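Residue numbers (the working numbering): -10 to 208.
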């Protein structure tokens, strides 16, 4: 029994589209290498009810390249503090590097996050060494967790902070929105292009095949 050409086309296209990567929850929000900067999707919904905060500790009149500064990151809002593990954060910076002043924080170059020991709080101190006297951009993600061991009821938010040369800070909240990292977006676009090329090839083949059968019927 011959197959319906339309069915063949449909199967080929649908099979190809299954290759498009889906956007799903990520296991944690402690590494922008795995989250793609997307935030903390495993901790409930992003909401403006959670307010991230970043501040320089003490009086700073100017940022000097190579000098180190104590920063406090914190959050307010979200579920009430209860049980254990009710707070977390991830901060990254576009210049300079971080250091951990205590066991509550872990650092990896230009990123800092809470540790298991630092889960039972909603404020942390980190040390930042200025890479230059120019404006430094900090992206802070904070989790407000209800401590029940699951993701239901947890909330999170993101904000960008700009530490200026005079030591002042300006802030921009990142509103709740679905985010797809650049690599995922590029892969999806490539697969769609490949699907279109494949579809055009199949349709061209079917068109030629149909014409060929028509010519044979004339003899």
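All C-beta atoms, glycine included, are put in the ideal place defined by N, C-alpha and C.
These numbers come from a predicted model, not from an experiment.
Could you work out which residue in the options is closest to residue i when comparing CA atoms only?
| i | options | result |
| --- | --- | --- |
| residue 120 | 50, 82, 64 and 66 | 82 |
| residue 38 | 147, 151 and 100 | 147 |
| residue 133 | 79, 68 and 161 | 68 |
| residue 35 | 188, 157, 143 and 151 | 143 |
| residue 109 | 102, 73 and 46 | 73 |
| residue 54 | 193, 160, 154 and 159 | 154 |
| residue 66 | 103, 127 and 111 | 111 |
| residue 91 | 150, 103 and 85 | 103 |
| residue 150 | 160, 48 and 87 | 160 |
| residue 84 | 50, 125 and 64 | 125 |
| residue 48 | 189, 193 and 156 | 156 |
Who are residue i's beta bridge partners in DSSP?
| i | result |
| --- | --- |
| residue 151 | 126 and 159 |
| residue 58 | 117 |
| residue 101 | 80 and 96 |
| residue 188 | Paired residues: none, contrary to the question. |
| residue 112 | 63 |
| residue 44 | 61 |
| residue 36 | None; residue 36 has no bridge partner. |
| residue 140 | Partner(s): none; residue 140 has no beta bridge. |
| residue 86 | 118 |
| residue 133 | 76 and 144 |
Taking 7 angstroms as the limit between beta carbons, can you name the residues of its chain near residue i, skipping five residues before and five after?
| i | result |
| --- | --- |
| residue 107 | 93, 94 and 113 |
List the whole-angstrom C-beta distance separating residue i from residue j, where the pair is believed to meet the contact cut-off of C-beta under 8 angstroms.
| i | j | result |
| --- | --- | --- |
| residue 118 | residue 78 | Not really, about 19 angstroms apart at Cβ, beyond 8 angstroms. |
| residue 116 | residue 59 | 6 angstroms |
| residue 52 | residue 122 | 6 angstroms |
Considering only their Cβ atoms, is the gap separating residue j from residue i smaller than 8 angstroms?
| i | j | result |
| --- | --- | --- |
| residue 136 | residue 75 | yes |
| residue 80 | residue 128 | yes |
| residue 44 | residue 163 | no |
Leaving out five residues before and five after residue i in sequence, what residues of the same chain have Cβ atoms less than 8 angstroms from its Cβ?
| i | result |
| --- | --- |
| residue 89 | 95, 96, 101, 115 and 116 |
| residue 56 | 118 and 119 |
| residue 98 | 86 and 87 |
| residue 50 | 155 and 156 |
| residue 46 | 58, 59, 60, 61 and 114 |
Below 6 angstroms CB to CB, which residues in the same chain sit around residue i once its five sequence neighbours on both sides are set aside?
| i | result |
| --- | --- |
| residue 42 | 63 |
| residue 152 | 125 and 158 |
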